[in-house]
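Trainee: Using this note's numbering, the final residue of the sequence shown is 1553, and nothing's skipped along the way.
Below is the structure I would like to discuss, written out as structure tokens.
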Amino acid sequence: MTTLSQNLPATAGRQDALAALLTLLAAPFQGPGNAPVTQTVADTQTHVIGPFTPPLGRDWWLTLNATATASGTAQLLRSTDGGATRIAVTAGGVPWAIWTFAGASGAIVNEAMDRETDPAATWFLQITLTGGTVACRMA
């Protein structure tokens, strides 16, 4: 069996081209992600947390942690116009990323949300409590 490397001489140009290709392939996965957005909610007002601009091509994480027994609702919203319009997220036309919790203590949500590909997209979390305290983090 003959491989490509057996047919091509090891030249500096070939090594540079291979290094450039490897850098290009790895580029979306290198470097720090965008700054996390965090907020603690401890009242009964509706809060819209964000904007969060996720790193492109990588999953981002949402954590809702009840630090005092909490009840309420939370919903993920997405915008592509700088937050002027915030649209509820759906999957197959059905509302998705909506949480209702009662008497929750500890992790309410701790999971990957999406792999964003649109550089104009920003994300928001709308949360309303009827009691308790929730620490929110999008990262």
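Positions of the beta carbon are idealized from the N, C-alpha and C atoms, including for glycine.
1) Output needed for residue 1452: all residues of its chain with C-beta closer than 6 Å, excluding positions within five of it in sequence on either side, in chain order.
2) Going by DSSP in three states, residue 1540 sits in which element: helix, strand or coil?
3) Which value, in whole angstroms, describes the spacing of the CA atoms of residue 1449 and residue 1553?
4) Taking buried to mean at least 16 other C-beta atoms within 10 Å of its own C-beta, is residue 1508 buried or exposed?
5) Taking residue 1465 as part of the beta strand (DSSP E), name the residues at either end of that continuous run.
6) Can you tell me the Cβ-Cβ gap for residue 1530 and residue 1470, rounded? I've got them flagged as a contact below 8 Å.
7) Quick one: give me the first and last residue of the beta strand (DSSP E) that residue 1488 is part of.
8) Which residue from 1486, 1492, 1482 puts its Cα closest to that of residue 1532?
9) Enumerate in chain order the residues of its own chain whose CB-to-CB distance from residue 1484 is below 7 Å, with the five nearest sequence positions on each side excluded.
Mentor: So, from the listed chains and residues:
1) Numbered from its first residue, the sequence shown carries residue 1452 at position 38. So the list reads 1551, once near-sequence residues are dropped.
2) Position 126 of the sequence shown, counting from 1, holds the residue named residue 1540. Note: residue 1540 maps to strand in three-state DSSP.
3) By one-based count along the sequence shown, residue 1449 stands at place 35. By one-based count along the sequence shown, residue 1553 stands at place 139. Going from the Cα of residue 1449 to the Cα of residue 1553 covers about 7 Å.
4) Within the sequence shown, residue 1508 is the residue found at index 94, counting from 1. So residue 1508 ends up on the exposed side.
5) The count along the sequence shown starts at 1 and reaches residue 1465 at position 51. First-last of the beta strand (DSSP E) with residue 1465: 1460–1466.
6) The sequence position of residue 1530 within the sequence shown is 116, counting from 1. The sequence position of residue 1470 within the sequence shown is 56, counting from 1. Yes, residue 1530 and residue 1470 are in contact; Cβ-Cβ is about 6 Å, under 8 Å.
7) Walking along the sequence shown from the start, residue 1488 turns up at place 74. Start and end: 1473–1493.
8) Within the sequence shown, residue 1532 is the residue found at index 118, counting from 1. Comparing alpha carbon positions, the residue from 1486, 1492, 1482 closest to residue 1532 is 1492.
9) Translated into the one-based positions of the sequence shown, residue 1484 becomes position 70. Excluding positions up to five away in sequence, the list reads 1515, 1518, 1543, 1545, 1546, 1547, 1548.
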